[in-house]
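Below is one structure; the comments refer to it alone.
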Amino acid sequence: MGNHTIKSQTQVKILGVIFDSKASWRPYIQHIQKSCLSRINLIKTLSHTAWGAQTQMLLKIHKSLILSKIDYGASLISTTKPSHLRILESVHNSGIRLSIGAFRSNPISSILNIAGVPPLDIRWSELTFKIAARMARAPQCLHSSPNLIFDNYKKYDLDNILTTEISISPPWLISININLDLHQLPKKSTSSSQYRNLFMEILSSKQQHALIYTNASVVANRVGMAIIHGDTHIQWKLSNKCSIYTAEALAILKAIEFATNKVEANQIIILSDSLSSLMSIQNHWKPTDLARKILNAHTTASFAGKQISYMWIPGHCNIEGNELADKAAKQAHLANNPLTSPVFTYQDVKRIIAIEAQNQWENKWVAQTTKLHEIKRTTYPWPFPANISRKQETAITRLRIGHTYITHQHLMKGEEPPDCTQCGSPLTVKHILTECRSYENERRELNLPDQLADSLSPEQRNLTTTLKFLHNTGLLNKI
Ligand SMILES: [Zn+2]
1 MGNHTIKSQT QVKILGVIFD SKASWRPYIQ HIQKSCLSRI NLIKTLSHTA
51 WGAQTQMLLK IHKSLILSKI DYGASLISTT KPSHLRILES VHNSGIRLSI
101 GAFRSNPISS ILNIAGVPPL DIRWSELTFK IAARMARAPQ CLHSSPNLIF
151 DNYKKYDLDN ILTTEISISP PWLISININL DLHQLPKKST SSSQYRNLFM
201 EILSSKQQHA LIYTNASVVA NRVGMAIIHG DTHIQWKLSN KCSIYTAEAL
251 AILKAIEFAT NKVEANQIII LSDSLSSLMS IQNHWKPTDL ARKILNAHTT
301 ASFAGKQISY MWIPGHCNIE GNELADKAAK QAHLANNPLT SPVFTYQDVK
351 RIIAIEAQNQ WENKWVAQTT KLHEIKRTTY PWPFPANISR KQETAITRLR
401 IGHTYITHQH LMKGEEPPDC TQCGSPLTVK HILTECRSYE NERRELNLPD
451 QLADSLSPEQ RNLTTTLKFL HNTGLLNKI
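In full-length UniProt numbering, the protein residues as written are 1 to 479.
Set out below in structure tokens:
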């Protein structure tokens, strides 16, 4: 082109991702593997069993230096061959294994469980779903979505996600009046009647204002909301993806639209018992999608000559309008002709995606037959208390996984599994902690629990006893 020769290339790097002519992703995966090697070495240095950094610190380093690199471009490269993906899994698993002080021979599922990090396939599908949800928020990007992401659209009904709006007024010109006087009263020592009296007192100075009460309810996966203005009661059935926060904020939004179009008075107070929803619209500078929509509706209302202010009222204090709105919101699903609103927010779907990923991992873990699964039935992490050393953390982790130096050194040396020299039984963690005759006195002295699941549980008292046992028997240095 012009005086330049355009060479044919088999690879091109765009925004750090290497695209290859065969679309195999192999060159990019090899690039990640190579650049993670020095990072793995750093963790190796810092993870010394005797003086190394603590597990949580090393896991943080792994997540920021290695996992972030692996995750980048995950939604693209997750379509590659399983054999290519295994290269990245191996990098990831090595970083985790070193961080928690486990051996190479340990089952990967146990290593990931101890670290509280889901397997890469689950993590990547969660990341891809989140990207799909983010694209749905910005509908102008839809047409460039790959097919994989369109499938995710259907699964989560992403067409109904609340899209990001542009603020119609600059943040410095937005003025929102939220009365939080009732919130100033100490909740513990204020009775319902005191709340009500102060409420009536505040309202007595606002006789000209029209009042709109809003409320929302989430009961057994049924989400509803309602607004009450005089004799007008309007109920909506909402998407079951909505959190209570979203439902409360949507009710405020509907109240503003109602105030703008249907209320004759120009001075209006919207009353809500959801402090977090009211606080969210105070954040003009960095609002959520829904808060920005509320702010835009507020600005539109003020262009139409409506002065809308907001007030927090306590729930369940016999404030009539609030009680009616509460009842109407709860009954929205039973009402004859409730309005329906299918929208939900990015935050809602993000929470659902995270819960589903957690459940998927939990189901995978339940099917495990590892030694760790016998004592730890869940994927939720068991963090160590701050006062125990790296050596102690490593020892407990290895005992929980069931692979320690004394019980599994034969694997490294290529020998037969050892038997206990005292009892003749196979040498296992269970044998050492609950049965072995050599340590009977120490066990009795410390009242070490009989069950392995108890002595290795995250409960501080049991953990302290087990560590004392390891110290008194001299086993701590052999694990
Ligand atoms: Zn023994």
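The C-beta atom is built at its ideal place from N, Cα and C for all residues, glycine as well.
Among the residues of its own chain, which have a CB less than 8 Å from the CB of leucine 185, if the five just before and after it don't count?
One-based indexing of the sequence shown puts residue 185 at position 185. Correct list, in chain order: Gln194, Tyr195, Leu198.
Give, in chain order, every unbroken run of the beta strand (DSSP E) that is at least 3 residues long and sits entirely within the UniProt domain "RNase H type-1" (206 to 334).
List check, beta strand (DSSP E) in window: 210 to 219, 222 to 229, 232 to 238, 267 to 272, 307 to 312.
What distance in whole Å lies between the Cβ atoms of glycine 305 and asparagine 266, which are believed to be in contact at a cut-off of 8 Å?
Residue 266 sits at position 266 when you count from the first residue of the sequence shown. Residue 305 sits at position 305 when you count from the first residue of the sequence shown. Indeed they touch by this definition, with Cβ atoms about 6 Å apart.
At a threshold of 7 Å, does cysteine 420 count as lining ligand 2 (C-beta to nearest heavy atom)?
Because ligand 2 does not appear in the structure shown, any question about it cannot be addressed here, the ligands present being ligand 1.
Checking 8 Å against the spacing of the C-beta atoms, do tyrosine 213 and leucine 324 come in under that value?
Indexing the sequence shown from 1 puts residue 213 at position 213. Indexing the sequence shown from 1 puts residue 324 at position 324. Yes. Within cutoff.
Could you check the C-alpha separation between isoleucine 353 and lysine 7 for me, to the nearest Å?
Taking the first residue of the sequence shown as 1, we reach residue 353 at position 353. Taking the first residue of the sequence shown as 1, we reach residue 7 at position 7. Their Cα atoms are separated by approximately 44 Å.
With a threshold of 16 other CB atoms inside 10 Å of the CB of glutamine 235, please say whether the residue is buried or exposed.
By 1-based counting over the sequence shown, the position of residue 235 is 235. The residue is buried, with at least 16 neighbouring Cβ atoms inside 10 Å.
Is the Cβ-Cβ distance between aspartate 273 and asparagine 215 less than 8 Å?
On the sequence shown, residue 273 is found 273 positions in, with the first residue counted as 1. On the sequence shown, residue 215 is found 215 positions in, with the first residue counted as 1. Yes; because the gap between Cβ atoms is below 8 Å, this pair is in contact.
Since I believe isoleucine 244 is in contact with isoleucine 256 (beta carbons under 8 Å), could you give me their beta-carbon distance rounded to a whole number of angstroms?
Counting from one through the sequence shown, the residue named residue 256 turns up at place 256. Counting from one through the sequence shown, the residue named residue 244 turns up at place 244. Isoleucine 256 to isoleucine 244, Cβ: 19 Å. No contact.
Can you confirm whether the stretch 71 to 78 touches the stretch 402 to 419 when touching is taken to mean that 3 or more C-beta pairs between the two stretches lie within less than 8 Å?
Counting Cβ pairs under 8 Å, fewer than three are found: no touch.
Which class does phenylalanine 469 belong to by DSSP, given the choice of helix, strand or coil?
On the sequence shown, residue 469 is found 469 positions in, with the first residue counted as 1. Helix.
Using C-beta distances below 7 Å, list every residue in its chain close to glutamate 126, excluding the 5 sequence neighbours before and after it, in chain order.
Reading the sequence shown from its first residue, position 126 is the one you call residue 126. Excluding residues within five positions, the ones whose Cβ falls inside 7 Å are Ile353, Ala354, Ala357.
Tell me whether isoleucine 178 sits in a helix, a strand or coil according to DSSP, three-state version.
Locating residue 178 in the sequence shown gives position 178, where the first residue counts as 1. Of the three classes helix, strand and coil, the one that applies to isoleucine 178 here is strand, per DSSP.
Between the beta-carbon of asparagine 296 and the beta-carbon of serine 167, is there less than 8 Å?
For the purposes of this step, residue 296 is taken as the residue at position 296 of the sequence shown. For the purposes of this step, residue 167 is taken as the residue at position 167 of the sequence shown. Taking 8 Å as the Cβ cut-off, asparagine 296 and serine 167 qualify as a contacting pair.
Let me make sure I understand the geometry here. Which of Lys34, Asn113, Gly315 has the alpha-carbon closest to that of lysine 364?
Start at 1 with the first residue of the sequence shown, and residue 364 comes out as number 364. Nearest of Lys34, Asn113, Gly315 to lysine 364, Cα basis: Asn113.
Report yes if the C-beta of serine 38 is less than 7 Å from at least one heavy atom of ligand 1; otherwise report no.
Reading the sequence shown from its first residue, position 38 is the one you call residue 38. No, Cβ of serine 38 sits at least 7 Å from all heavy atoms of ligand 1.
Quick one: is the Cβ of arginine 443 within less than 7 Å of any heavy atom of ligand 1?
Here residue 443 is taken as the residue at index 443 of the sequence shown, counted from 1. No, Cβ of arginine 443 sits at least 7 Å from all heavy atoms of ligand 1.
Within the same chain, show all residues whose beta-carbon is closer than 6 Å to that of proline 146, passing over the 5 residues directly before and after it, in chain order.
Sequence index remark: in the sequence shown, residue 146 carries index 146 (1-based). Reliability of the predicted coordinates at proline 146 is poor, the pLDDT of 48 falling under 50, and the value obtained from them is presented with this limitation in mind. Nothing meets the Cβ criterion.
Classify lysine 254: buried if its beta carbon has 16 or more other beta carbons within 10 angstroms, exposed otherwise.
Taking the sequence shown and counting its residues from 1, the one referred to as residue 254 is at position 254. Buried, by the Cβ-count rule.
Going by C-alpha to C-alpha distance, which of Val349, Glu445, Ile18, His403 sits closest to serine 239?
Translated into the one-based positions of the sequence shown, residue 239 becomes position 239. Here the closest residue by C-alpha is Val349.
Can you list, in chain order, the stretches of the alpha helix (DSSP H) that have 4 or more residues and sit fully within the stretch 157 to 204?
Complete alpha helix (DSSP H) runs here, min 4: 192 to 204.
Give every residue of the same chain whose Cβ lies closer than 6 Å to the Cβ of threonine 260, excluding the five residues on either side of it in the sequence, and list them in chain order.
Stepping through the sequence shown from its first residue, residue 260 is reached at position 260. Hits under 6 Å: Ala301, Ala304, Lys306.
Looking at the secondary structure, which residues open and close the beta strand (DSSP E) in which lysine 13 lies?
As a first step, residue 13 is located in the sequence shown; it is residue number 13 there, counting from the start. That run of the beta strand (DSSP E) goes 11 to 14.
Going by C-alpha to C-alpha distance, which of Asp71, Lys81, Ser110 sits closest to valine 91?
Locating residue 91 in the sequence shown gives position 91, counting from the first residue. Valine 91 has its Cα closest to that of Asp71, out of Asp71, Lys81, Ser110.
Can you check whether the CB of leucine 182 is closer than 8 Å to the CB of proline 383?
On the sequence shown, position 383 is the one that residue 383 refers to. On the sequence shown, position 182 is the one that residue 182 refers to. Contact flag unset, no.
Taking the continuous beta strand (DSSP E) assigned at cysteine 91, which residues delimit it?
Start at 1 with the first residue of the sequence shown, and residue 91 comes out as number 91. According to the sequence displayed, residue 91 carries valine and not cysteine. Careful: valine 91 lies outside any beta strand (DSSP E), inside the alpha helix (DSSP H) at 82 to 100.
Can you have a look at leucine 15 and say buried or exposed, based on whether 16 or more other CB atoms are within 10 angstroms of its CB?
As a position in the sequence shown, residue 15 is number 15, starting the count at 1. Exposed, by the Cβ-count rule.
I'd like to confirm the pairing. Which residues does DSSP put opposite serine 341 in its beta bridges?
As a working note, residue 341 is residue 341 in the sequence shown. Its beta-bridge partners are Leu238.
When you compare each of Val263, Ser217, Arg443, Glu264 to residue 482 by their alpha carbons, which one comes out closest?
Shown here, the chain extends from 1 to 479; a query on residue 482 therefore has no answer.
Tell me the rounded alpha-carbon separation between threonine 340 and proline 27.
Here the question's residue 340 lines up with position 340 in the sequence shown. Here the question's residue 27 lines up with position 27 in the sequence shown. C-alpha separation (whole angstroms): 50 Å.
Under a three-way DSSP split, which group does isoleucine 18 fall into?
Here residue 18 corresponds to residue number 18 of the sequence shown, with the count starting at 1. Three-state result, isoleucine 18: strand.
Within the present structure, is the beta-carbon of serine 425 separated from the nearest heavy atom of ligand 1 by less than 7 Å?
Position 425 of the sequence shown, counted from the first residue, corresponds to residue 425. Correct: serine 425 has its Cβ closer than 7 Å to ligand 1.
Identify every residue that forms a DSSP beta bridge with aspartate 419.
Residue 419 sits at position 419 when you count from the first residue of the sequence shown. Aspartate 419 is bridged to Pro426.
Where does proline 146 sit, in a helix, a strand or coil, going by DSSP?
Locating residue 146 in the sequence shown gives position 146, where the first residue counts as 1. Low local confidence applies: a pLDDT of 48 at proline 146 is under 50, so the model's placement there is unreliable, and no value is given.
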